[in-house]
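Residue numbers (my numbering), protein chains in the order written: chain A, -8 to 390; chain B, 16 to 136.
Virtual Cβ for every residue (Gly too), placed ideally from N, Cα, C.
Note that the structure is a prediction, hence the values are computed from the model and not measured.
A short write-up of the structure that comes next.
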């Protein structure tokens, strides 16, 4: 039985989404910038999708910029704000557990002379409000804090951070902006921009049963961005390039489904995720959950299996049809551990033995029950091979 | 990413276990990635007649340890001196460049086990 539990990497396109995309490949092939009827029908589809994307997060359609995906959204938000407001300060605050799209962008800006503060997290995986306050300077122009983590599902206190930003605008720097990468959170938990104090928010279609290659950046009215992609005046002059009309139409449909079904889908994923965790914990010894279990998205579980290498567990599970992921890899004789789990203070052994299960609204109870059985058997299979730590041989040698 | 041979050794590892009163033991750890191989061998009249292994680590380490036992049983100790990490890689089809050290860890386990058994002779 093939069981796909890597939905935080990507999801299957929903049939309704595919149906929504299909016409725009052939009979409705127009360029949304064209004046003729073909073009105007394409433009109408883009604007309809913009309303649906905005509706998922409670934004105005004019505040939605279509981009190629979550990575571009993060790049545009961070680099766009940093360069647009560089005259007011060159300090950025982010966290140590962000997605590489954020961390690499910040690192790139450091090479342009920006200063970046990387906030720590504790064992729960959560950034502390007092650390945000303490990091603020009169030169801080941007805070970028992920809504929910892609490896652990841990949700950050975005509304609290938003309140800190609003206060800091009055007392520290009026040109301070707040970005959140909501690529994992969107469609999984309710996001209501009016309660968050967020200026920029990244989302991606393929994490919510939409197509790959399309995402959006919410840009609050009045927020300036330096452009990254130069060309025509598309997307209100914020992102040049012919609109990917089929993908945008599919993205809109995916957001509509996610909004309408959010409570039902979340409750179901939460039930199945908890069933997976409790089922494994009842059958396997020495297993832990990474991150605060009460502060997570409903569809992600990061579990650490003592005495097991995560990559071997991944490969052995894959041979039995169960697809999961691991954030760590041993490469060229050096361990490249998950920066997220490492920042949370997990030991090398815990990081090495961690894998991520991520569910979607398509995941079934039969699949979860098969995964419970398969994971339990596979962990035991790997542990049976392991040298018994309690019986070190007198001749043991360190290579 | 990995060959069918590596996958086969993960699913069906060969000669997992221990030998009572082994002639030699090679228990080696890669301190960086924490992979560990414990190889036990029995040597009789200059021939390696039995090998059992226990292993903890990434897929190529498990596969290298497993295939090593197939490559060494029944061979003269003098022949094993010419065995190389490349022979383990060949037996597994190939390993990604970044994972070649896994075959070397298996060779280290063999080297130590043979050294051990020579010491006991």
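Using 8 Å for Cβ pairs, my map puts residue i next to residue j. What's the rounded Cβ distance?
i, j, result
"residue 189/A", "residue 153/A", "6 Å"
"residue 183/A", "residue 155/A", "With 8 Å as the limit, residue 183/A and residue 155/A do not qualify as a contact, their Cβ atoms being about 18 Å apart."
"residue 141/B", "residue 92/B", "Nothing can be reported for residue 141/B: it is not among the residues displayed for chain B, which extend from 16 to 136."
"residue 73/A", "residue 37/A", "The pair is not a contact, with the Cβ atoms about 28 Å apart (cut-off 8 Å)."
"residue 278/A", "residue 295/A", "7 Å"
"residue 196/A", "residue 245/A", "6 Å"
"residue 52/B", "residue 80/B", "5 Å"
"residue 178/A", "residue 253/A", "7 Å"
Rounded to the nearest angstrom, what separates residue i and residue j at their Cα positions?
i, j, result
"residue 68/A", "residue 192/A", "8 Å"
"residue 386/A", "residue 207/A", "The predicted position of residue 386/A is uncertain, since its pLDDT is 46 and thus under 50; no value can be drawn from it."
"residue 123/B", "residue 87/B", "14 Å"
"residue 336/A", "residue 329/A", "11 Å"
"residue 239/A", "residue 300/A", "40 Å"
"residue 48/B", "residue 345/A", "14 Å"
"residue 117/A", "residue 158/A", "21 Å"
"residue 121/B", "residue 200/A", "44 Å"
"residue 70/B", "residue 29/B", "11 Å"
"residue 35/A", "residue 226/A", "14 Å"
"residue 101/B", "residue 141/A", "38 Å"
"residue 370/A", "residue 356/A", "21 Å"
"residue -7/A", "residue 304/A", "16 Å"
"residue 280/A", "residue 359/A", "17 Å"
"residue 384/A", "residue 82/B", "Residue placement at residue 384/A is flagged as unreliable, the pLDDT there being 46, under the threshold of 50; the coordinate-derived value follows with that caveat. Cα-Cα distance, rounded: 22 Å."
"residue 19/B", "residue 229/A", "48 Å"
"residue 57/A", "residue 343/A", "37 Å"
"residue 39/A", "residue 109/A", "38 Å"
"residue 21/B", "residue 307/A", "11 Å"
"residue 214/A", "residue 54/A", "10 Å"
"residue 66/A", "residue 116/B", "36 Å"
"residue 43/A", "residue 331/A", "32 Å"
"residue 33/A", "residue 352/A", "30 Å"
"residue 203/A", "residue 40/B", "52 Å"
"residue 175/A", "residue 63/B", "55 Å"
"residue 390/A", "residue 379/A", "Any reading at residue 390/A must be qualified, since the residue scores a pLDDT of 43, below 50, and its modelled position is unreliable; no value is offered."
"residue 144/A", "residue 361/A", "22 Å"
"residue 107/B", "residue 255/A", "48 Å"
"residue 173/A", "residue 6/A", "24 Å"
"residue 127/A", "residue 104/B", "53 Å"
"residue 372/A", "residue 350/A", "24 Å"
"residue 0/A", "residue 316/A", "8 Å"
"residue 267/A", "residue 111/A", "29 Å"
"residue 260/A", "residue 282/A", "18 Å"
Check for me: the beta strand (DSSP E) holding residue i runs from which residue to which?
i, result
"residue 264/A", "No beta strand (DSSP E) holds residue 264/A; the alpha helix (DSSP H) holding it covers 236 to 274."
"residue 84/A", "82 to 86"
"residue 221/A", "That residue, residue 221/A, is in no beta strand (DSSP E); it is neither H nor E in DSSP."
"residue 294/A", "291 to 296"
"residue 197/A", "Counting along the chain, residue 197/A falls outside any beta strand (DSSP E), and DSSP gives it neither H nor E."
"residue 55/A", "55 to 58"
"residue 99/A", "Careful: residue 99/A lies outside any beta strand (DSSP E), inside the alpha helix (DSSP H) at 91 to 101."
"residue 347/A", "345 to 349"
"residue 103/B", "Where residue 103/B is concerned, there is no enclosing beta strand (DSSP E), although the alpha helix (DSSP H) it sits in stretches over 100 to 106."
Go to residue i, then tell me how far its alpha helix (DSSP H) extends in each direction, as first and last residue.
i, result
"residue 29/A", "28 to 48"
"residue 61/A", "61 to 75"
"residue 361/A", "356 to 376"
"residue 301/A", "301 to 310"
"residue 83/B", "74 to 87"
"residue 153/A", "149 to 162"
"residue 95/B", "92 to 95"
"residue 333/A", "330 to 334"
"residue 280/A", "It is not in any alpha helix (DSSP H) - residue 280/A instead sits in the beta strand (DSSP E) that spans 278 to 280."
"residue -8/A", "Run containing residue -8/A: none; DSSP gives neither H nor E here."
"residue 11/A", "6 to 12"
"residue 19/B", "19 to 26"
Any idea which residues DSSP pairs residue i with across the strands?
i, result
"residue 66/B", "56/B"
"residue 124/A", "According to DSSP, residue 124/A bridges with nothing at all."
"residue 40/B", "55/B"
"residue 169/A", "134/A"
"residue 25/A", "Paired residue(s): none; residue 25/A is not in a bridge."
"residue 106/A", "82/A"
"residue 191/A", "170/A and 210/A"
"residue 177/A", "180/A"
"residue 31/B", "68/B"
"residue 316/A", "347/A"
Query raised in the report: Of all the residues that make up the stretch 278 to 311 of chain A, which are near chain B by a beta-carbon distance shorter than 9 Å?
Result: Within the stretch 278 to 311 of chain A, those residues whose Cβ lies closer than 9 Å to any Cβ of chain B are, in chain order, 298, 299, 300, 301, 302, 303, 305, 306, 307, 309, 310 and 311.
Query - the stretch 64 to 92 of chain B: positions lying closer than 7 Å to chain A by Cβ - result: Cβ contacts with chain A: 69, 70, 71, 72, 73, 74 and 77.
Query raised in the report: Got a sec: which bits of the stretch 339 to 351 of chain A sit with their beta carbon under 8 Å from any beta carbon on chain B, in order along the chain?
Result: Answer set for the stretch 339 to 351 of chain A: 339, 340 and 343.
Report task. Return the residues of the stretch 19 to 39 of chain B that lie within a Cβ-Cβ distance of less than 7 Å from chain A, sorted by chain order. Result -> Residues 22, 25, 26, 28 and 31.
Requested in this report: Closer than 9 Å, Cβ to Cβ, to anything on chain A: give me those residues from the stretch 39 to 55 of chain B, in chain order.
Outcome: Answer in chain order: 39, 40, 41, 42, 43, 44, 45, 46, 47, 48, 49, 50, 51, 52, 53 and 55.
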